[in-house]
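Working notes, beginning with the structure itself.
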Amino acid sequence: MTAPVIAAVFVIAVLLSAAATEGCRRLALRLGVTDRPGGYKQHREPIPYLGGLAIVAGTLGPAAGAAVLFGAPPKLTVVAVAALVVAATGLADDVEPLGPVLRLVVETGAALLVVLAGVRLALSGVWWLDAAATVAWIVLLTNAVNLLDNMDGAAAAAVGVVALVLGLGTATLTVPLLCLAGACAGFLWHNRPPARIFMGDAGSLFLGFCLATGAVLVAPPTPLPAATTVLLVGLLPLLDTALVVISRRRAGRKWYLGGRDHTAHRLRTVGLSAGQVAGVLACGAGAAATLAVLVGAGTVTAVAGLVVWLCATTAAVTALLRVPVCAVSRAS
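By the working numbering, the letter at position 151 of the sequence shown is numbered 253, and the numbering carries on one by one without gaps.
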């Protein structure tokens with residue numbers, strides 16, 4: 103596939119997502135599918151959900167068209183179907199809360215489906231161990247991205263930049279990753295601070311699942327480089343999840359309760375605007391993704407990449423834990 107065609111697919115993803123987001127916003131308002139103010143939430147007016155549907159359409163629509171015209175590996179079709187199942191579960195949860203157990207069961211089933219289709223990390227050489235590790239990774243990052251979606255523009259900007267870097271930096275998954283990046287960009291036009299629509303769980307779970315499986319697909323077929331690559335791809339969501347788990351355990355709170363103690367909230371506390379926070383998160387995630395590409399290409403050693411990951415995560419969590427937070431919470 104030529105560069106102009108790839109660029110055209112990316113632009114189509116941006117435009118389709120942007121147009122679909124406006125349609126989803128109007129539909130959500132008509133149906134009353136909104137996120138209402140209260141508890142730890144910072145918005146003062148109900149904000150429509152359903153933005154995740156636009157992200158799904160902006161990603162899978164152009165990717166499917168490119169696959170029909172130019173072909174694609176069968177396992178990518180399985181990934182798309184599994185991602186749709188995860189997104190549908192998130193959509194149902196947006197309309198009526200399903201509970202964490204059912205969501206986890208669906209996510210695990212979807213992850214197992216793509217593993218059986220051949221999407222696996224090469225960590226041990228033992229099939230069932232690699233399969234179990236891959237399922238655990240996909241479920242972990244899916245939920246970490248879901249937790250990262252806690253401020254206007256944060257998740258869409260971060261995931262979009264990572265997808266863009268991986269799409270441009272690797273040859274194995276260029277079109278699907280650029281479609282994902284384009285869909286995030288189109289949605290971000292409406293989700294930038296102050297947001298006019300939220301992606302909801304449909305969007306954040308879809309983004310997390312796609313990012314997790316994409317990381318596995320671009321990871322090299324050797325144990326340490328593979329592990330380092332996926333960890334770098336997921337650095338920001340994993341960092342944020344570790345931060346809130348540690349913070350809430352110290353405070354004697356359940357880790358799955360919502361609150362204003364995420365990375366984004368702490369950056370706001372130190373004086374950044376919501377837009378600046380989204381930019382900082384996107385830059386950090388993009389830098390980590392760039393290092394992941396370099397590790398995957400063999401330009402940077404896996405050991406060096408892992409050291410950077412450990413140092414960056416430890417330093418960031420340690421520094422952010424010192425920032426005071428609001429304790430208001432409710433069940434997520």
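Cβ atoms here follow ideal geometry from the backbone N, Cα and C, with glycine treated the same way.
Here the structure is a predicted model, which is why all the values come from computation and not from measurement.
Item, Value
"Could you give the distance in angstroms between the alpha-carbon of I149 and the alpha-carbon of R128?", "11 Å"
"Going by DSSP, what residue range makes up the alpha helix (DSSP H) through R127?", "A105 to L133"
"Assign A246 to one of two classes, buried (16 or more other C-beta atoms within 10 Å of its C-beta) or exposed (fewer than that).", "buried"
"With DSSP collapsed to three states, give me the class of L374.", "coil"
"Hey, is the stretch 236-253 in contact with the stretch 271-283, meaning 3+ C-beta pairs nearer than 8 Å?", "no"
"Excluding the 5 residues preceding and the 5 following S349 in the sequence, name in chain order all residues of the same chain whose CB lies nearer than 8 Å to its CB.", "D363, L423 and V427"
"Considering only residues of the stretch 157-218, which uninterrupted beta strand (DSSP E) runs meet the minimum length of 3 residues and lie entirely inside it, listed in chain order?", "none"
"How should F172 be labelled, buried or exposed, when 16 other C-beta atoms within 10 angstroms of its C-beta is the threshold for buried?", "exposed"
"Please classify A418: does DSSP put it in a helix, a strand, or coil?", "helix"
"Just mark A433 as buried or exposed, buried being the case when its beta carbon has 16 or more other beta carbons within 10 Å.", "In this prediction, A433 has a pLDDT of 39, which is less than 50 and means its spatial position is unreliable; what the coordinates show is noted afterwards. A433 is exposed by the Cβ-count criterion."
"Note down, in chain order, each residue of its chain lying with its Cβ closer than 8 Å to the Cβ of A182, except the 5 sequence neighbours on either side.", "L162, A165 and A166"
"At a cut of 8 Å, does the stretch 249-269 reach the stretch 210-221 through at least three beta carbon pairs?", "no"
"Exposed or buried, what is W357 when buried is set at 16 or more other beta-carbons lying within 10 Å of its beta-carbon?", "exposed"
"From the DSSP output, in three-state form, read off T447 for me.", "Absent from the structure is residue 447, since the part of the chain shown begins at 103 and ends at 434."
"Using a Cβ-Cβ cut-off of 7 Å (strictly less than) and excluding sequence neighbours within five positions of V347, which residues of its own chain qualify?", "W357"
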